[in-house]
Amino acid sequence: MSQQDLAESVGVTRQTINALENGRYNPSLLLAYKLTRVLNIATYDEDTDSYLSIEDIFKFSDDEL
Numbered sequence: 002m003s004q005q006d007l008a009e010s011v012g013v014t015r016q017t018i019n020a021l022e023n024g025r026y027n028p029s030l031l032l033a034y035k036l037t038r039v040l041n042i043a044t045y046d047e048d049t050d051s052y053l054s055i056e057d058i059f060k061f062s063d064d065e066l
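Structure follows, in structure tokens:
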């Protein structure tokens, strides 16, 4: 999945996806949820037992919280 495809799927710009990938931007809870949902479906399709949680995808250290 390209950055552009992912951005269109969650309603943001490609630049936002790039900033997320490079750690220059922290997503809102809603955007994190949308990204998690789209990435799970793209990766695991209907195998919902394999789906990752938001915490699995977005790792933050205690200093960032």
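Under our numbering, the sequence shown is numbered contiguously, ending at residue 66.
Every residue gets a Cβ at the ideal spot worked out from N, C-alpha and C, and that includes glycine.
Helix, strand or coil at residue i [DSSP, three-state]
| i | result |
| --- | --- |
| residue 41 | helix |
| residue 14 | coil |
| residue 60 | coil |
| residue 26 | coil |
Cβ separation of residue i and residue j, assumed to be a contact under 8 Å, to the nearest whole Å
| i | j | result |
| --- | --- | --- |
| residue 37 | residue 53 | 7 Å |
| residue 10 | residue 39 | 5 Å |
Option nearest residue i by Cα separation, candidates the options
| i | options | result |
| --- | --- | --- |
| residue 7 | 44, 30, 24 | 44 |
| residue 41 | 23, 58, 18 | 58 |
| residue 32 | 18, 61, 49 | 18 |
Residue i vs residue j beta-carbon contact at 8 Å
| i | j | result |
| --- | --- | --- |
| residue 26 | residue 55 | no |
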